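Colleague: Please find one structure pasted underneath; my questions will follow.
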DNA sequence: TTGAAAGCGCTAACAG
DNA sequence: CTGTTAGCGCTTTCAA
């Protein structure tokens, strides 16, 4: 437990002032010889500048925060890997938090980050605008990934179905509660869902259900839009985020509506639940029920039949979000919408 | 972007000295009335003590670091969730890093953590003692989870009971480089593998292969021990950590030794690869080849047949490790070995 | 019980 | 080009 060398030690050992050391180490101007000497001494002393001192001085932490609902969900694992990759190449630390899709925990974590002076945050939000307003008001640069805080979407009835905040800005001349304006990186849920529904329709399916989870409201809206006018409300069900509740929702859906012939799962945890519930009820996939799931996770291919999925680039999403939050230097960066792709495998068949 | 209130602001507003505010907020002694006034003012000003100031003063960061190989691997997702759960209940931040099973990246991340003055670390190590010595020498409290740095295992002859590389040390009375002594939380790999091998043996299997990945040396050793004396070296193969290499290893194994009748996969990524490779080669599970995989991940049940697994408590492992690293106050905590459980599902059948 | 004061390690003026 | 100095926000002696 030896004490680390400080900038002062280096300065003394090199026979220069601390400022010079600081300059040399941060690429400032210095005579070649001074620079060399300082560098040598620093290396020799195994000096590592303390982020603590620097951060305090600059009143901000270098790194970024990352809030996801659940790391056990492979998609968020991919997202996190993307963020970490970008952060690593920037040499920045990442402070991680898992919200469990609980707004309260999310709030607490935001508070913790604030306390740490982490002023950049990438989040898959769970709470609504009210949860997020404090963070943004406190001057945090936040970038939302994968989804948007619910209230922000509801703001304008006109765009609600579209789920795209951008359009909104053009349409709403007078927003009542000025909502968050934070950039975001999300998948093109609308196109993804639409493609899936059309595919299912093309297979002859009429009664298509949507199985969603927390934060899937944009996907739900897209589903309603894709299905068209009178949506059978019983065919739109939600779980609360836990695997148990997802299973319960799926099982309940299959039992209450044995007439449905296809289901679109809003996320991989829900897809998993659907497969399990179907098996439990002796429903064969795809003979008895067709299944399309959001997220292309590695195990989708292992199922039998392999699952047809709406793939979204989790890793890219994380990487891009991290880029945005880091670049946020000047003006507010524009949001990003990433493409989805319907990967057809074996879990969908023609309507019997 | 308003500037946050500082302790000084609170002190002035409350008409007391900063020291008093500090005491009140950290539970020190103060007259009831003073305390109340300070608390009121603090709340009113929405004061949040800056971790930066505190940490600099105390020359350490509150939180802990967490290094895992890959968050896309569900098992490490579980582990991470456990760590986060414990950290949250302690109100401590977690700085995350993903090593990609690359010792070099691991080293860099350790350096980054050192720079951040993060002095507590939970790690699923990839590098050997040489990689880790610097961290420990720098005074970091590190707890290893899931596996141990390869060299470190050589440390204690007494613990040779675990029966892997340790045996070697019995032979080497004078350890040259005094290796790491850090506590750890690992699963009882030896028992887990032994149980699986016995189960397979009971089913009549003679040619059992081991498919491993980075850090699976303890499992490999356990496998060799369980199988007994002359291990067929062609039946022990390793991937390098990526899904591709795992697939290549599995595929190569099946092709080079069509006579094998069962395989034990050292981790879920390898299990995944085995399933894929078997399918590609038209090997039916379990008719043509039986499969047991380490890690009970949610999708193990989705496969068909559902996979028989050696379950290890990933979440608990993370939680326990976090507890250890936090409690490390006094004497060096003892290491922990968690039990494994063979969960029999449908991927193993009698030897044909 | 309380306040004043001394830094923790660093950077950013500001002089020389 | 370089050194001196003044803090960043906080905890912690040390007196009062």
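Chains as they are written, first to last, in our numbering: chain A, 1267 to 1618; chain B, 1267 to 1618.
We treat Cβ as the ideally placed atom computed from N, Cα and C, and that holds for glycine.
None of these values were measured; they are calculated from a predicted model.
(1) Just to confirm before moving on: does the CB-CB distance between residue 1335/A and residue 1365/A stay below 8 Å?
(2) Excluding sequence positions up to five away, which residues of its chain have a Cβ less than 8 Å from the Cβ of residue 1606/A?
(3) Against chain B, does residue 1361/A count as a neighbour if the rule is that its beta carbon must be under 8 Å from one of theirs?
(4) Do residue 1317/A and residue 1588/A come within 8 Å of each other at the CB atom, strictly closer than that value?
(5) Counting only the same chain and skipping the five closest in sequence on each side, list residues whose C-beta sits under 7 Å from that of residue 1350/A.
(6) Mind pulling the beta strand (DSSP E) runs of 3 or more residues that sit fully within the segment 1544-1606 of chain B?
(7) Should residue 1339/A go down as buried or exposed, given a rule of 16 or more other Cβ atoms within 10 Å for buried?
(8) Under a Cβ-count criterion, where at least 16 other Cβ atoms within 10 Å of its own Cβ denotes burial, should residue 1506/A be classed as buried or exposed?
(9) Can you list the beta strand (DSSP E) stretches of 3 or more residues lying completely in the segment 1372-1403 of chain A, in chain order?
(10) Quick one: what's got a C-beta closer than 8 Å to residue 1611/B's C-beta in the same chain, skipping five residues either side?
(11) Would you tell me roughly how many angstroms separate the C-alpha atoms of residue 1540/A and residue 1345/B, rounded to the nearest one?
(12) Taking C-beta to C-beta, are residue 1300/B and residue 1282/B nearer than 8 Å?
(13) CB-CB under 6 Å to residue 1393/B, same chain, minus the five flanking residues each way: which ones, in chain order?
(14) Compare the C-alpha of residue 1499/A against each of 1486/A, 1510/A, 1562/A and name the closest.
(15) Using the Cβ count rule (16 or more neighbours within 10 Å means buried), how would you classify residue 1480/A?
(16) Looking at the C-beta of residue 1541/B, does it have a partner C-beta in chain A at a distance below 8 Å?
(17) Just list the alpha helix (DSSP H) runs in the segment 1287-1346 of chain B, keeping only unbroken ones of 4 residues or longer that don't cross its boundaries, in chain order.
(18) Run the CB neighbour count on residue 1432/A, radius 10 Å, all protein chains shown included, and call it buried at 16 or more, exposed below.
(19) From the DSSP output, in three-state form, read off residue 1279/B for me.
(20) Using a Cβ-Cβ distance under 8 Å, would residue 1569/A count as near chain B?
(21) Where does residue 1501/B fall in DSSP's three states?
(22) Would you call the CB atoms of residue 1411/B and residue 1583/B closer than 8 Å?
(23) Given a limit of 8 Å on CB to CB distance, which residues of the segment 1308-1341 of chain B reach chain A?
(24) Judging by CA-CA distance, which residue of 1465/A, 1489/A, 1389/A is the nearest neighbour of residue 1449/A?
(25) Expressed to the nearest angstrom, what Euclidean distance is found between the alpha-carbon atoms of residue 1298/B and residue 1310/B?
(26) Specify the secondary structure class of residue 1414/A as computed by DSSP and reduced to three states.
(27) So, with DSSP's three-state summary, where would you put residue 1480/A?
(28) Since residue 1565/B meets chain A, which of its residues come closer than 7 Å, beta carbon to beta carbon?
(29) Following the continuous alpha helix (DSSP H) through residue 1518/B, name the residue where it begins and the one where it ends.
(30) Quick one: residues in its chain with C-beta nearer than 6 Å to the C-beta of residue 1528/B, no 5 flanking neighbours on either side, listed in chain order?
(31) Under 8 Å between beta-carbons, which chain B residues line up against residue 1544/A? List them in chain order, please.
(32) When the Cα atoms are used, what is the spatial distance from residue 1535/A to residue 1513/B?
(33) Nearest chain A C-beta to residue 1346/B closer than 8 Å, yes or no?
(34) Under 7 Å Cβ-Cβ, which residues of chain B neighbour residue 1380/A?
(35) Excluding five sequence neighbours on each side, which residues of the same chain lie with their C-beta closer than 6 Å to the C-beta of residue 1613/B?
(36) Tell me where the beta strand (DSSP E) around residue 1363/A begins and ends.
Modeller: Well, looking at it:
(1) Translated into positions along the first chain, residue 1335/A becomes position 69. Translated into positions along the first chain, residue 1365/A becomes position 99. Contact: yes.
(2) The sequence position of residue 1606/A within the first chain is 340, counting from 1. Contacts found: 1453, 1454, 1455, 1457, 1458, 1461, 1576, 1577, 1578.
(3) Against the first chain, residue 1361/A aligns to sequence position 95. Cβ-Cβ to chain B under 8 Å: yes for residue 1361/A.
(4) Numbered from its first residue, the first chain carries residue 1588/A at position 322. Numbered from its first residue, the first chain carries residue 1317/A at position 51. In this structure, residue 1317/A does not lie closer than 8 Å to residue 1588/A by Cβ.
(5) Within the first chain, residue 1350/A is the residue found at index 84, counting from 1. Correct list, in chain order: 1360.
(6) 1556-1560, 1574-1577, 1602-1604
(7) What you label residue 1339/A is simply residue 73 of the first chain in a count that begins at 1. With 16 or more Cβ atoms within 10 Å of its Cβ, residue 1339/A is classed as buried.
(8) The residue labelled residue 1506/A in the question sits at position 240 within the first chain. So residue 1506/A counts as exposed.
(9) 1386-1389
(10) Taking the second chain and counting its residues from 1, the one referred to as residue 1611/B is at position 345. For residue 1611/B, where only same-chain residues beyond five positions count, the Cβ hits under 8 Å are 1566, 1567, 1571, 1572, 1573, 1574, 1575.
(11) Taking the first residue of the first chain as position 1, residue 1540/A is located at position 274. Taking the first residue of the second chain as position 1, residue 1345/B is located at position 79. C-alpha separation (whole angstroms): 25 Å.
(12) Sequence index remark: in the second chain, residue 1300/B carries index 34 (1-based). Sequence index remark: in the second chain, residue 1282/B carries index 16 (1-based). Yes; because the gap between Cβ atoms is below 8 Å, this pair is in contact.
(13) Translated into the one-based positions of the second chain, residue 1393/B becomes position 127. Here the set comprises 1369, 1372.
(14) Position 233 of the first chain, counted from the first residue, corresponds to residue 1499/A. That would be 1486/A, whose Cα lies nearest to the Cα of residue 1499/A.
(15) Numbered from 1 along the first chain, position 214 holds the residue referred to as residue 1480/A. Label assigned to residue 1480/A: buried.
(16) As a working mapping, residue 1541/B is identified with position 275 in the second chain. By this cut-off, residue 1541/B is an interface position.
(17) 1298-1310, 1317-1324
(18) Here the question's residue 1432/A lines up with position 166 in the first chain. Low confidence applies here, because residue 1432/A scores a pLDDT of 38, under 50, leaving its location unreliable; read the following figure in that light. It counts as exposed.
(19) Against the second chain, residue 1279/B aligns to sequence position 13. Residue 1279/B: helix per DSSP, three-state reduction.
(20) By one-based count along the first chain, residue 1569/A stands at place 303. Judged by the 8 Å Cβ criterion, residue 1569/A is in contact with chain B.
(21) Residue mapping note: residue 1501/B aligns to position 235 of the second chain, counting from 1. It is helical.
(22) In the second chain, residue 1411/B corresponds to position 145, counting from 1. In the second chain, residue 1583/B corresponds to position 317, counting from 1. Yes, the pair counts as a contact, with Cβ atoms nearer than the cut-off.
(23) 1314, 1315, 1316, 1317, 1318, 1319, 1321, 1322, 1325, 1327, 1329, 1332, 1336, 1337, 1338, 1339, 1340
(24) Within the first chain, residue 1449/A is the residue found at index 183, counting from 1. With distances taken between Cα atoms, residue 1449/A lies closest to 1389/A.
(25) For the purposes of this step, residue 1298/B is identified with residue 32 of the second chain, where counting begins at 1. For the purposes of this step, residue 1310/B is identified with residue 44 of the second chain, where counting begins at 1. Approximately 18 Å, taken between the alpha carbons.
(26) Taking the first residue of the first chain as 1, we reach residue 1414/A at position 148. Correct three-state label for residue 1414/A: coil.
(27) Reading the first chain from its first residue, position 214 is the one you call residue 1480/A. Note: residue 1480/A maps to coil in three-state DSSP.
(28) Reading the second chain from its first residue, position 299 is the one you call residue 1565/B. Here the neighbours are 1538, 1565, 1568.
(29) Here the question's residue 1518/B lines up with position 252 in the second chain. Residues 1509-1522.
(30) Mapped onto the second chain, residue 1528/B falls at position 262. 1466, 1471, 1474, 1556.
(31) Taking the first residue of the first chain as position 1, residue 1544/A is located at position 278. Here the premise fails: no neighbours, minimum Cβ distance about 11 Å.
(32) By 1-based counting over the first chain, the position of residue 1535/A is 269. By 1-based counting over the second chain, the position of residue 1513/B is 247. Going by the C-alpha atoms only, they are around 25 Å apart.
(33) The residue you call residue 1346/B lines up with position 80 of the second chain. Closer than 8 Å to some Cβ of chain A, the Cβ of residue 1346/B qualifies, so yes.
(34) Locating residue 1380/A in the first chain gives position 114, where the first residue counts as 1. The answer, in chain order, is 1314.
(35) Here residue 1613/B corresponds to residue number 347 of the second chain, with the count starting at 1. Within the same chain, residue 1613/B has close Cβ partners 1551, 1552, 1557, 1571, 1573, 1574.
(36) On the first chain, residue 1363/A is found 97 positions in, with the first residue counted as 1. 1360-1364 is the extent of the beta strand (DSSP E) around residue 1363/A.
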